[in-house]
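Trainee: In order, the protein sequences belong to chains A and B. Heads up: the first sequence begins at 1 in the working numbering, then just goes up one per residue. Heads up: the second sequence begins at 1 in the working numbering, then just goes up one per residue.
There are 2 protein chains.
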Amino acid sequence: MIIIADNLHVMQPPFARALTSLDPVPVRAMVEACLQNGAQGLDLNPGPLRKQPEAAMVFLVETVQAMTELPLLLDTTNPAAMAAGLGACRGRAIVNGVSLEPAKLERILPLAVQFDADLIGYLLHPNSQVPIDAADMMALAVDLFQAVTDGGLDPRRLILDPVVAPLSWQDGARHNRAVLEVIGALPDLLGIPVRTIAGISNLASGAMPLDRKIALEQAFVPMLAAVGLDMALVNVRHGPTVEMIRLCNGLLGEGVFAWAAGLATSDSN
Amino acid sequence: MIIIADNLHVMQPPFARALTSLDPVPVRAMVEACLQNGAQGLDLNPGPLRKQPEAAMVFLVETVQAMTELPLLLDTTNPAAMAAGLGACRGRAIVNGVSLEPAKLERILPLAVQFDADLIGYLLHPNSQVPIDAADMMALAVDLFQAVTDGGLDPRRLILDPVVAPLSWQDGARHNRAVLEVIGALPDLLGIPVRTIAGISNLASGAMPLDRKIALEQAFVPMLAAVGLDMALVNVRHGPTVEMIRLCNGLLGEGVFAWAAGLATSDSN
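#1: Runs of 4 residues minimum, wholly inside the segment 93-135 of chain B: which ones carry the alpha helix (DSSP H) assignment?
#2: To which residues of the same chain is L19/A closer than 6 Å at the C-beta, ignoring the five residues directly before and after it?
#3: How would you list, in chain order, the residues of chain B whose beta-carbon sits under 7 Å from the beta-carbon of V164/A?
#4: I need the DSSP call for I3/B, collapsed to helix, strand or coil.
#5: DSSP three-state label for M208/A, please.
#6: What separation, rounded to the nearest whole angstrom, lies between the Cα atoms of I159/A and I94/A?
#7: Please list, in chain order, all residues of the same chain as E101/B whose beta carbon is under 8 Å from its beta carbon, the five residues on each side excluded.
#8: Beta carbon of T63/A, beta carbon of P14/A: below 7 Å?
#9: Tell me which same chain residues have a C-beta within less than 8 Å of the C-beta of V113/B, skipping the five on either side of it?
#10: Comparing alpha-carbon positions, which option in G41/A, V227/A, G199/A, A80/A lies nearest M67/A?
#11: Please work out which residues of its chain come closer than 7 Å, Cβ to Cβ, to S266/A, disregarding the five sequence neighbours upstream and downstream, and give them in chain order.
#12: Quick one: using the 10 Å Cβ neighbour count with 16 as the cut-off for buried, is S99/A buried or exposed?
#13: Within the continuous alpha helix (DSSP H) that includes A81/B, where are the two ends?
#14: Quick one: using the 10 Å Cβ neighbour count with 16 as the cut-off for buried, is E181/A buried or exposed?
#15: Can a CB atom of chain B be found closer than 7 Å to the CB of M223/A?
#16: So, does the segment 183-195 of chain A touch the segment 223-241 of chain A, judging by three or more C-beta pairs under 8 Å?
#17: Determine the chain B residues that contact A185/A at a beta-carbon separation under 7 Å, and present them in chain order.
#18: Beta carbon of I2/B, beta carbon of L233/B: below 7 Å?
#19: List, from N- to C-terminal side, the alpha helix (DSSP H) runs of 4 residues or more that fit wholly inside the segment 7-77 of chain B.
#20: Closest to A80/B by CA distance: which of E69/B, R90/B, Q52/B is it?
#21: Which residues in chain A sit within 8 Å of L251/B, going by Cβ to Cβ distance?
#22: Go through its chain and collect everything with a Cβ distance to L73/B's Cβ below 6 Å, but skip five positions before and after it.
#23: In the DSSP output, what is D161/B paired with across the bridge?
#24: Excluding the five sequence neighbours on either side, which residues of its own chain have a C-beta within less than 7 Å of the C-beta of Q12/A, listed in chain order?
#25: Buried or exposed for Q170/B, please, with buried defined as at least 16 other CB atoms from any protein chain shown within 10 angstroms of its CB.
#26: A226/A versus chain E: which residues are under 8 Å apart at the beta carbon?
#27: Within a Cβ cutoff of 6 Å, which residues of the same chain sit near P222/A, ignoring the five residues on either side of it in sequence?
#28: Got a sec? Which residues, its chain only, sit under 6 Å from D133/B by beta carbon, not counting five neighbours each side?
#29: Starting from C184/B, trace the beta strand (DSSP E) both ways and give me its first and last residue.
#30: Going by Cα to Cα distance, which pick from G239/B, I200/B, V164/B, L252/B is closest to E217/A?
#31: Taking DSSP as the reference, what is the three-state secondary structure of L167/A?
#32: Express the C-alpha separation of I108/B and A139/A in angstroms, rounding to a whole number.
#33: L111/A and A84/A - do their beta-carbons sit closer together than 7 Å?
#34: Give me the Cα-Cα distance between P71/B and G250/B, rounded to the nearest whole angstrom.
#35: From S224/A to I183/A, what distance separates their C-alpha atoms?
#36: Assuming G250/B is part of the alpha helix (DSSP H), what are its boundary residues?
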């Protein structure tokens, strides 16, 4: 399981301010912290970028890749920003992402195809509603697989995200059991070893003591590992959560779940 | 996931001495510790009991059930001791256990049938060798299911144990990946919601710092929870391991994996 830091997020005020002022100093400090905390990939989430989308995204990608060659997940709903970011990426980029929402398929999917980038696909209904159960998720996976293939994407570029539910949701536990079931079933369902990603931070989002958040994340990470999750999007400042991912990788032997599309898996301890 | 204490074991010198002298005092102290540490069932492993098998097993069962109504797993290879223990049990007993080994099927299986007890079946070859991969485990599960059914056992009484490998084994990690796969697949394979049990203590057996053992157990427990394990045999003195089982039960909603055969699941926090 690859550790992707979700720390570079527009909801972090220093990051948001740096994006507005195009000031690389705070971004560098945040990237440095992610690297020290074990990140093996970085999700760059600058938000919708209504102002200066291209300049802000290019600034962000260039600032980060001046420090590291780790894979970058470009996490914006703004197609202009996505296109500019993909153009600026020297290494392999991952487009984060699309769903069956028509606007995403029309404006984001073609960019992944154009740049031959990996593409994250969320298992959500076209109106962005979450699926009601595992069967619903599986049907969405089939539809999404078909949609991105029809759009010209090499299916080996697809990474599916079944959308972890916050436990604060009324049906959060039931939803997440379905998430586990679906992650395990997707390769057989789609007939290819499709990669999967999950947002660990979603699980215990909201107001909750930090030690409780981390305990829940530590319980959830091995569950995801057991069903073969490939990429975990985590807050890498949650040290025990990151440590648990490493432990799971060691326990299961990372080789079996190695990243399929040419991205190095440097962590196999 | 039900927490079964594996602490009452002949390898514990005070327990072995108490069995020889039929002294209830040390046994009571050990049971009390198990209850305080969250046990929801107790595995009683007095070893092969070559001397006074009946008297020692009856002493053990009576001493324990005078203190608790928790389910008792009678864990001996001695058929005379098993018969005597089953006769002494007032509550539901669990016979631990059989495999495809002919002597077990001939002498232990009939006792489970006679006393209408739950029966643990180990996924091992008739010569007690461990299976080489998941397909081998599945074949053993089918054969064992057939053998115990042919022997007259109500198939709902069967609890399968796929035998967790120590990580110190050369192929331990690979074996345990197969264990996870098989636990998840067994209900579909056998066509009934067959229950499963696994020995968590096996994982990190041998010389290893205690904190490392507990960390590995904490990583492995949620993996087993994710694939639907029903009963975890653990050293309940490993508090963080027990705490992790509780957390997993909460995270997944224990109701879904409730114990099928009428044993109460008191823990659903």
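Think of the CB as a built atom: it goes at the ideal place given N, C-alpha and C, for glycine as much as any other residue. All values reported here derive from a predicted model rather than from experimental measurement.
Mentor: Considering the structure as presented:
#1: 102-107, 109-114
#2: Mapped onto the first sequence, residue 19/A falls at position 19. Excluding residues within five positions, the ones whose Cβ falls inside 6 Å are P46, A56.
#3: Along the first sequence, one-based indexing puts residue 164/A at 164. The contacting residues do not exist; V164/A stays about 11 Å from chain B at best.
#4: Counted from its first residue, the second sequence places residue 3/B at position 3. Strand, per DSSP.
#5: By one-based count along the first sequence, residue 208/A stands at place 208. Looking at M208/A - three-state DSSP - the assignment turns out to be coil, as it is neither helix nor strand.
#6: Start at 1 with the first residue of the first sequence, and residue 159/A comes out as number 159. Start at 1 with the first residue of the first sequence, and residue 94/A comes out as number 94. Whole-angstrom Cα-Cα distance: 9 Å.
#7: Position 101 of the second sequence, counted from the start, is the residue given in the question as residue 101/B. So the qualifying residues of the chain are L124, P126, N127, S128.
#8: Along the first sequence, read from residue 1 onward, the residue named residue 63/A stands at position 63. Along the first sequence, read from residue 1 onward, the residue named residue 14/A stands at position 14. Not a contact, by the Cβ cut-off of 7 Å.
#9: On the second sequence, residue 113/B is found 113 positions in, with the first residue counted as 1. If we look at V113/B and ignore the five residues flanking it on each side, its Cβ neighbours are G151, G152, L153.
#10: Taking the first sequence and counting its residues from 1, the one referred to as residue 67/A is at position 67. Nearest C-alpha to M67/A: G41/A.
#11: Here the question's residue 266/A lines up with position 266 in the first sequence. Any reading at S266/A is ruled out, since the residue's pLDDT is 35, under 50, leaving its predicted position unreliable.
#12: The residue given as residue 99/A occupies position 99 in the first sequence. Result: buried.
#13: Position 81 of the second sequence, counted from the start, is the residue given in the question as residue 81/B. Unbroken alpha helix (DSSP H) run through A81/B: 79-88.
#14: As a working mapping, residue 181/A is identified with position 181 in the first sequence. By the neighbour-count rule (16 or more Cβ atoms within 10 Å), E181/A is buried.
#15: Here residue 223/A is taken as the residue at index 223 of the first sequence, counted from 1. Yes, because at least one Cβ of chain B sits closer than 7 Å to the Cβ of M223/A.
#16: yes
#17: Taking the first sequence and counting its residues from 1, the one referred to as residue 185/A is at position 185. Those do not exist, as A185/A stays about 10 Å from chain B at its closest Cβ, beyond 7 Å.
#18: One-based indexing of the second sequence puts residue 2/B at position 2. One-based indexing of the second sequence puts residue 233/B at position 233. Contact flag unset, no.
#19: 13-21, 24-36, 53-65
#20: Taking the first residue of the second sequence as position 1, residue 80/B is located at position 80. With distances taken between Cα atoms, A80/B lies closest to Q52/B.
#21: The sequence position of residue 251/B within the second sequence is 251, counting from 1. Here the neighbours are L167, A173, N176, L216, A219, F220, M223.
#22: In the second sequence, counting from the first residue as 1, residue 73/B sits at position 73. Excluding sequence neighbours, L73/B sits near D43, I94, N96.
#23: In the second sequence, residue 161/B corresponds to position 161, counting from 1. In the DSSP output, where bridge partners are listed per residue, D161/B has Y122/B.
#24: Against the first sequence, residue 12/A aligns to sequence position 12. Hits under 7 Å: none found.
#25: The residue labelled residue 170/B in the question sits at position 170 within the second sequence. Q170/B is exposed by the Cβ-count criterion.
#26: The structure shown contains no chain E; its protein chains are A and B.
#27: Against the first sequence, residue 222/A aligns to sequence position 222. Hits under 6 Å: C248.
#28: The residue you call residue 133/B lines up with position 133 of the second sequence. Closer than 6 Å at the Cβ level, and outside the excluded window around D133/B, lie A178.
#29: Your numbering for residue 184/B matches position 184 in the second sequence. Here residue 184/B turns out to be Gly, not Cys, going by the sequence shown. First-last for G184/B: 172-190, but that is the alpha helix (DSSP H), not the beta strand (DSSP E).
#30: Position 217 of the first sequence, counted from the start, is the residue given in the question as residue 217/A. With distances taken between Cα atoms, E217/A lies closest to L252/B.
#31: Within the first sequence, the letter at position 167 stands for residue 167/A. Coil at L167/A, not helix or strand.
#32: Taking the first residue of the first sequence as 1, we reach residue 139/A at position 139. Taking the first residue of the second sequence as 1, we reach residue 108/B at position 108. One C-alpha to the other measures close to 47 Å.
#33: Residue numbering aside, residue 84/A sits at position 84 when the first sequence is read from its first letter. Residue numbering aside, residue 111/A sits at position 111 when the first sequence is read from its first letter. Result no, Cβ atoms of A84/A and L111/A do not sit closer than 7 Å.
#34: One-based indexing of the second sequence puts residue 71/B at position 71. One-based indexing of the second sequence puts residue 250/B at position 250. Roughly 22 Å separates the two Cα atoms.
#35: In the first sequence, residue 224/A corresponds to position 224, counting from 1. In the first sequence, residue 183/A corresponds to position 183, counting from 1. At residue 224/A the sequence reads Leu, which differs from the Ser that was named. Taking the straight line joining both Cα atoms gives about 8 Å.
#36: One-based indexing of the second sequence puts residue 250/B at position 250. Note, G250/B: alpha helix (DSSP H), 239-252.
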